[in-house]
Every structure is written in C-alpha cells, then in structure tokens.
Amino acid sequence: MEQKFNTAGLGTELAMLRTFCEQEGEAVTYGKGELLEREDEPAQWIAYVESGAFKYMTKGMSDNRMHLTWFSFEGEFVADYPRFLYGRLAQSTIEAMMPSRVLRVSGQQLEQFFDQSKETMRMRALIGEHILCQFHERYLDLHCTTPRERYDMLMQRCPGIVNELPLNAIASFLNITPKTISMLRRDITFGR
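Under my numbering, think of the first position of the sequence shown as 1378, with each following residue one higher.
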C-alpha cells in the first residue's frame, strides 16, 4: 500500500522535483482541515510536504458521501496529478490532516520546468509511470487482499494514523465498513 509520490524508488528524478520546489516554491502552512485542493474546482498545486500529512477524499457517485482514497505524508509530494498541470477540475479534495508545512508550486511553474530539457521531460514521464504503478498496486490491494491484510499494511505504513483519523475514515480508505474495522480491531486486541 505505497503512497502517491513516495520518494523511494525514483531517486534523482524526485530529488530534482524537490529541489525545484525548494528553489521556486512558496512555503505555505495549512492548519488541520484546510484544503490544498477542492474537488470540482480547478486543481492548481503540487507541493513537497516538509511536515504534516494530507488526505485525499472523493465524493461517491451514488451515495454522495466523501470517500478517503489516498494519503501524502512528510517527505512526499501532494497533488491531484496530472490535473493541476493543466488547471483541470480536481478529482479529489485534498485536506491537511494536521498542521502541515509545504513548498508549493503551480502547474504552470512545473510545466515550464518540464519544458526546460530532455532530462526534465524524462522526469515527467517517470513521475507518471510511478503514479500508474501505485494506482495499480492500490487496485490489486483492494481486489486481492482481505480487509485484515489491508488494515495491517496501513498500520505498517502509517502506525500513527489511528490517532489522526476517525475509524470511519480509515474504514473508507480500506473500502470496508466501520463495523468491519471495529471487529478487526477487537480481534487484534484480543489476539484472534
């Protein structure tokens, strides 16, 4: 259950993107609950998360409820990629889960950066491939693992997440019901 824009595995390409955000980006602090992007409004930003964490939420088509779909943590990038590059409508609302500090650049700034050289265009392609691989992994997680396995993977990746989100939000991310997550936690507590 790897996260979008995790810097592991992309090495120099994401180091270049981080350097670009450090040199050209605006340092912005978000309070808990403040939005980086809002679903159905033009997406604008990519940001390197210096501290804090963000959650991605998308409105359900039939139930109109918000579903938690992704996280970005300290040391990762946060964006509705690639929609922000072109100012298209965001597909997710991206909200700070806690006080967070980011280095933020606009889609226009990043587009100009990508157009600078063959090397930066290669970085653009690698970022897209990385995101595609992560979406595929998430898809496989949702279809090929049990709710308990998904819960265990999330707790390995984000051990403190239970202190930041209510159980119904964690259940939404795992694509299970709040009742199922309560039963899982009970089984874990009592060693079943």
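Here a beta-carbon is modelled for each residue, glycine too, at the ideal position from N, C-alpha and C. Owing to the predicted nature of the structure, the values given are computational and were not obtained by experimental measurement.
Proximal residues to Arg-1563 (C-beta, below 7 Å), its chain only, five neighbours per side dropped: Translated into positions along the sequence shown, residue 1563 becomes position 186. Taking Arg-1563 as the centre and dropping the five residues before and after it, the same chain places no C-beta closer than 7 Å to its C-beta.
Cα separation between Gly-1537 and Ala-1473? Counting from 1 along the sequence shown, the entry for residue 1537 is found at position 160. Counting from 1 along the sequence shown, the entry for residue 1473 is found at position 96. Spanning the two alpha carbons is a distance of roughly 15 Å.
State whether the stretch 1455 to 1472 contacts the stretch 1512 to 1528, with contact taken as three or more CB pairs (one from each stretch) at a distance under 8 Å. no
Does DSSP put Pro-1476 in a helix, in a strand, or in coil? Sequence index remark: in the sequence shown, residue 1476 carries index 99 (1-based). If DSSP states are grouped into helix, strand and coil, Pro-1476 belongs with coil.
Assigned secondary structure, Thr-1557 (DSSP; H/G/I helix, E/B strand, else coil): Position 180 of the sequence shown holds residue 1557. Three-state result, Thr-1557: helix.
Option nearest Tyr-1433 by Cα separation, candidates Tyr-1528, Glu-1401, Ser-1483, Leu-1542: Here residue 1433 refers to the residue found at position 56 when the sequence shown is read from its first residue. It is Leu-1542.
contact_flag[the stretch 1396 to 1408, the stretch 1479 to 1487] where n(CB pairs < 8 Å) is 3 or more: yes
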